Every structure is written in C-alpha cells, then in structure tokens.
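Quick notes on the structure that follows.
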Amino acid sequence: MAVYLVGDIQGCDSAFAHLLAKLDFSPSRDTLYVLGDMVNRGPESAATLRRLMGMGHSVQCVLGNHDLHLLAVAHGVRPAGRRDTLASVLEAPDATGLLHWLRQQHLAISAHGILMVHAGVLPSWTAAQTLALADEVTSVLRSPQLGHFLQDLYGDTPKQWHDGLSGNDRLRMIINALTRLRFCSAEGLMEFETKEGAGTAPTGFMPWFDVPGRLTAGETVAFGHWSTLGWLSRSDVIGLDTGCVWGGCLTALRLGDSPAAHERIQVKCEPAQEP
C-alpha cells in the first residue's frame, strides 16, 4: 500500500489522470491526499471532481480558495470571474452531487505524521488547534446555513488571530489562514497582496513557515497554494504546488518510512492559462 500527497490540480484532469497512471495508483490498495484547489483555471473541473469522487474512500481532500469560490458562485453569492473555468461544474447534470461531495471535504487533515492544509497555518496555532478550528468551518460548510455563511465569506479582515474572535469574523479568519496565507508577521498579522516567491516578502513580513517560534515547527506541514514558491522540501514543511495550471508540473509525494525516503513524482503539464 502506498500513500501519496498531491498538489493543486485546478481542473487539469488530463494531467491528473497521467499522474495517477505514472503512480500505478490503485484505489483498492493506495491512499491519496489532495491539498486543495481541485477546480478552476484548468479546463476540466467537473471531470476532476468526478474522478476524485469515483476513487471513494481511497482519497481525502482539503479545500482550497478556488474550491470555496466554486461553492460561492454556485450559491449566487459571488459572480464568476473573467478567468474562471467553472461552467463545466455549474452546468453539469450532476452538479448537485458534485457540489455536495465538495462540501464534505476538510479544511485540514492530520495523517501519517503530517498536518495537511491548502495554504498555511498561523504561527500561534498548534496542530491540534488547527484541526479544531478547521472543524468549526467544515461543520458550517456541511450545514443548511452554508448559503448564509457564504455571503460573509469574503474579506481580508480580521488579519490577526485572537481566541475571542466569534461568529463569521472568526470563521473568515480561519478560512483565510488555511486557504490564502503566504506571508505574515512575527505576531501573526496576515498579508494577502504579495503573491510572488518567498524572497519577495514585504517589510515586516515573512513566509508563514519561517516565523520564529511557530507552534507547528515540530510538525511536518504539507501545503499547496503557492505556485510561485514551487517545490519545497524541508523536515518541517512540504510545498507541493508546482504550477500545473500554468504549464509547470503536477506533483505527487510518495511517503516513505522517513522524510529521506519520500519520493517526488511529477508529470509535465500544458499551460491552461497564462499566469
């Protein structure tokens, strides 16, 4: 039995199928964890969701910002953007089933000694707290209150966590950290404007995983979301978004008995959109 982590697919189902073939992936034998942004920008979002659904319990996924965007558009809360490629889902005869499956996915997963999120973890959060906060959001995503909540999903505030946050401000901050975070300050103030590589941090900010004293530093955290960062492999962090949708690679990591035994497997992708 093999265990794999896969970065952002973003509706590139052909590349995903190629990668699964290269892995010789078997749903009856192997396990796959997908680190969010399953849909959008690529041409085959519906096909990607159907493939993942068809893999049953062998696959577990965390939700990314594009996946939440699809839910918001489907509920009429957010207009589709100029570069969105979500019509294959929204107009599909099985759209209701696809969206229901998406709502059942996670915001964070801990398995095989790895904490998995789409984007990042605030420096003041422990792994256990991260999982608990993620569960607060998923309980709403799976509830009848989803449409109401999605109306308050978007916004950059609050930008700094404190345990007294409540209501939609609390949920929005959890979502922003787990699905949008790249840079933050030593005090955990989030910055969302900068989207380039790790060396472009604005003054006073740094990549979230480089904050001194980060409470998940003793964990291995795997994430996607940051295509301009690309592949990152350290004992404490694994970055798996290698820009498939932009003509980079779709990357899987086969977990070994130790970090040194992990194996990176990639397939080259045709660009679906220009960066």
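Numbering of the sequence shown is given in the working numbering, commencing with residue 9 and proceeding in unit increments.
For each residue, glycine too, the CB sits at the ideal point set by N, CA and C.
Computed from a predicted model, the values in this text were never measured in an experiment.
For this session: Check whether the region 72-83 touches the region 194-210, counting contact only when three or more Cβ pairs, one atom from each stretch, lie closer than 8 Å.
Result: Contact fails between the region 72-83 and the region 194-210, because fewer than three Cβ pairs, one in each stretch, are under 8 Å apart.
For this session: Assign P101 to one of two classes, buried (16 or more other C-beta atoms within 10 Å of its C-beta) or exposed (fewer than that).
Result: Translated into positions along the sequence shown, residue 101 becomes position 93. Counting the other CB atoms within 10 Å of its CB gives P101 a total below 16, which places it among the exposed residues.
Problem set entry | Cutoff 8 Å; reference G232; Cβ partners in own chain excluding five residues on either side | Here the question's residue 232 lines up with position 224 in the sequence shown. Cβ within range, chain order: G15, D16, L43, G44, D45, G72, H126, A127, G247, L248, D249.
Exercise. With burial defined as no fewer than 16 other Cβ atoms inside 10 Å of the residue's Cβ, what is the status of E278: buried or exposed?
Worked result: Sequence index remark: in the sequence shown, residue 278 carries index 270 (1-based). By the 10 Å Cβ count, E278 comes out exposed.
Exercise. For the candidate residues L57, Q153, P35, M63, whose alpha-carbon lies nearest to that of L110?
Worked result: Here residue 110 refers to the residue found at position 102 of the sequence shown. Comparing Cα positions, the closest option is L57.
Problem set entry | Nearest-angstrom beta carbon gap, L40 and S22 [assumed within contact, 8 Å] | Along the sequence shown, read from residue 1 onward, the residue named residue 22 stands at position 14. Along the sequence shown, read from residue 1 onward, the residue named residue 40 stands at position 32. S22 to L40, Cβ: 17 Å. No contact.
Exercise. Relative to the C-alpha of F217, which residue among S132, Q274, V97, A140 is closest?
Worked result: Mapped onto the sequence shown, residue 217 falls at position 209. Minimum Cα distance to F217 is reached at S132.
Problem set entry | Start-to-end residues for the beta strand (DSSP E) that takes in G84 | By one-based count along the sequence shown, residue 84 stands at place 76. For G84, there is no enclosing beta strand (DSSP E), as DSSP marks it with neither H nor E.
For this session: For my contact list, I122 and T228 are in at a C-beta cut-off of 8 Å; report their separation, rounded to the angstrom.
Result: Walking along the sequence shown from the start, residue 122 turns up at place 114. Walking along the sequence shown from the start, residue 228 turns up at place 220. Contact flag correct, Cβ pair sits at about 5 Å.
Problem set entry | DSSP bridge partner residues for R272 (one or two, in chain order) | Numbered from its first residue, the sequence shown carries residue 272 at position 264. R272 pairs with L261.
Problem set entry | Contacting residues, own chain, Cβ-Cβ under 6 Å from C69 (five flanking each side not counted) | Position 61 of the sequence shown, counted from the first residue, corresponds to residue 69. Correct list, in chain order: V42, Q113.
Problem set entry | Residues near P51 by beta carbon distance below 7 Å, same chain, minus five either side | Stepping through the sequence shown from its first residue, residue 51 is reached at position 43. Hits under 7 Å: G19, T93, A280.
Problem set entry | For P166 and M181, the rounded distance between their alpha carbons | Taking the first residue of the sequence shown as 1, we reach residue 181 at position 173. Taking the first residue of the sequence shown as 1, we reach residue 166 at position 158. The alpha-carbon of M181 is positioned some 6 Å away from that of P166.
For this session: Kindly list the residues whose CB is nearer than 7 Å to the CB of P220, restricted to its own chain and excluding five residues on each side of it in sequence; keep chain order.
Result: Translated into positions along the sequence shown, residue 220 becomes position 212. The residues A194, in chain order, have a CB closer than 7 Å to that of P220 in the same chain once the five nearest residues on each side in sequence are set aside.
For this session: Go through the region 118-179 residue by residue and report every complete run of the alpha helix (DSSP H) that reaches 4 residues or more, in order.
Result: Assignment of alpha helix (DSSP H) within the region 118-179, counting only whole runs of 4 or more residues, yields 135-149, 154-158 in chain order.
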